[in-house]
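Peer 1: Numbering (the UniProt record's numbering), first residue to last: 1 to 281. A virtual CB, placed ideally from N, CA and C, is assigned to each residue, including glycine.
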Amino acid sequence: MSTIDDLPSLRDVIETHGIAAKKSLGQNFLLDLNLTAKIARMAGDLSGADVLEIGPGPGGLTRGLLAEGARRVLAIEKDERCMSALAEIAAKYPGQLEVINGDALEINPLTHLTAPIKVAANLPYNVGTELLVRWLTPPQWPPFWESLTLMFQREVAQRIVAEPGTKAYGRLALLAQWRAEPRIVLDLPPEAFTPPPKVSSAVVHLTALPAPRFEADPAVLNRVVAAGFNQRRKMLRSALKVLGPDIEDHLLAAGIKPTERAEQVPLEAFCALARSIAAAR
Ligand code: SAM
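1) Compute the Euclidean distance between the alpha carbons of residue 283 and V225, then round it to the nearest angstrom.
2) Ordered along the chain, which non-local residues of its own chain (more than five positions away) have a Cβ less than 7 Å from that of E130?
3) Quick check: what's the CA-CA separation for V73 versus A274?
4) For V185, which residues from the same chain have a beta carbon less than 6 Å from its beta carbon, with the 5 sequence-adjacent residues on both sides left out?
5) Whole angstroms are fine: how far does the CA of D246 sit from the CA of T259?
6) Assuming contact is defined by CB atoms lying nearer than 7 Å, are P58 and L97 in contact in what I supplied?
7) Looking only at DSSP bridge pairs, what is H205 linked to?
8) My understanding is that G64 touches A37, with C-beta atoms under 8 Å, so please give their C-beta distance in whole angstroms.
9) On the three-state DSSP scale, how would you describe R281?
10) Tell me which residues share the same chain as L251 and place their Cβ nearer than 7 Å to its Cβ, disregarding the 5 neighbours each side in the sequence.
11) In three-state DSSP terms, what is K118?
12) With burial defined as no fewer than 16 other Cβ atoms inside 10 Å of the residue's Cβ, what is the status of M1: buried or exposed?
13) How do the region 74-90 and the region 11-28 stand: do at least 3 beta-carbon pairs fall below 8 Å, yes or no?
14) With DSSP run on the structure shown, which of helix, strand or coil describes M1?
15) Hey, how far is the Cα of W178 from the Cα of S276?
16) Helix or strand or just coil, what does DSSP make of residue 282?
17) Would you say the beta carbon of P195 is closer than 6 Å to some non-hydrogen atom of ligand 1?
18) Hey, could you find the ends of the beta strand (DSSP E) V73 is sitting in?
19) Return yes when at least one heavy atom of ligand 1 lies under 6 Å from the C-beta of residue 294, else no.
20) Assuming W141 and A216 form a contact by the criterion Cβ under 8 Å, report the distance between their Cβ atoms to the nearest whole angstrom.
21) Would the C-beta of D79 count as close to ligand 1, meaning under 6 Å from any of its heavy atoms?
22) For G26, is the beta carbon positioned less than 6 Å from some heavy atom of ligand 1?
23) With C-beta atoms as the reference, is L52 less than 7 Å away from P109?
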């Protein structure tokens, strides 16, 4: 059967290079190259972009990104066993694939990349959430990336796109929607992976906004949202008491009823509250 390139099938790659999936590294591989090409296309037009891929594993998504025309791919993979398999892909695309063997949480990829930069990854979920929060809270905005195309546990994907008044709505939704435009672009059942994980997954595509959606000091907004959702069942006038004795005045100034709960408050009102608190300092 012909594939997106003429490299061996991913099953053969795993067999030849001895990359049996390790639970400790969150290894649930995508072996269908049509699917990895489809995910690569969800990252948008790659032809003029450098792509940062975290956790390439045996290289299914990497092959998709290169076949879809990425200018360059920088892939960071923790598992040393994957290096020889990834070297075979690099040989097929001379000068276009750079692989770093290391922990994505400890490596700064920026010296290896040229703008515009897109990020694509099928990562273990805990690492994915931690990196997402880092990518959404850089020292300055706009960030180094134009878009993020990331696989998450479906429940986490729903938290990223959640609307006020739902159970999934919380800090992750507010952070993601303040700085980016997040959308779920693909749902995947456990059987799409080898070995299958226990839960369903989803690909989330986030486009960076040129500036945060509403004005607010990031540190103040973060404090307000953290306090509100740390006690999400409490009314805001008591959940936010930690922020000062005049919190009720600020809530009213922001157009928020002090008896409301954080779960019901839209992003725009949280930003207005952060502005009112910052202005009173
Ligand atoms: N992208 C491949 C695919 O779709 O088949 C592999 C996906 S697998 C869910 C996650 C990959 O991330 C594994 O190859 C694992 O070794 C790698 N990984 C886990 N933790 C990592 C970390 N902290 N930094 C870089 N890679 C990591």
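Peer 2: The structure says:
1) No information on residue 283 is available, as it lies outside the stretch 1 to 281 that the chain covers here.
2) Closer than 7 Å at Cβ, skipping near neighbours: L105.
3) Taking the straight line from one Cα to the other gives about 39 Å.
4) Counting only Cβ-Cβ distances below 6 Å, and skipping sequence neighbours, we find M42, V203, H205.
5) When only Cα atoms are considered, T259 and D246 end up about 15 Å apart.
6) No; because the gap between Cβ atoms is not below 7 Å, this pair is not in contact.
7) H205 has T149, R183 as its beta-bridge partners, per DSSP.
8) Between the beta-carbon of G64 and that of A37 there is about 4 Å, and that keeps the pair under the 8 Å contact cut.
9) In the three-state reduction of the DSSP assignment, R281 falls in the coil class, being assigned neither a helical nor a strand state.
10) Excluding positions up to five away in sequence, the list reads L236, R237, P258, L273.
11) Here K118 sits in strand by DSSP.
12) Annotation note: pLDDT 46 at M1 (below 50); position unreliable, coordinate value reported separately. M1 should be labelled exposed.
13) Three or more beta-carbon pairs separated by less than 8 Å link the region 74-90 to the region 11-28, which places the two stretches in contact.
14) Bear in mind that a pLDDT of 46 at M1, under 50, signals an unreliable position, so the model cannot answer this.
15) The C-alpha of S276 is placed about 17 Å away from the C-alpha of W178.
16) Here the chain covers residues 1 to 281 and nothing more, so residue 282 does not appear.
17) Here the distance from the Cβ of P195 to the nearest heavy atom of ligand 1 is not below 6 Å.
18) DSSP places V73 in the uninterrupted beta strand (DSSP E) bounded by 72-77.
19) Residue 294 falls outside the range modelled here, since the chain spans only 1 to 281, and no answer is possible.
20) Between W141 and A216, the beta carbon gap of about 12 Å keeps them out of contact (Cβ cut-off 8 Å).
21) For D79, the Cβ falls inside the 6 Å cut-off from some heavy atom of ligand 1.
22) Correct: G26 has its Cβ closer than 6 Å to ligand 1.
23) Yes, the Cβ-Cβ distance between L52 and P109 is below 7 Å.
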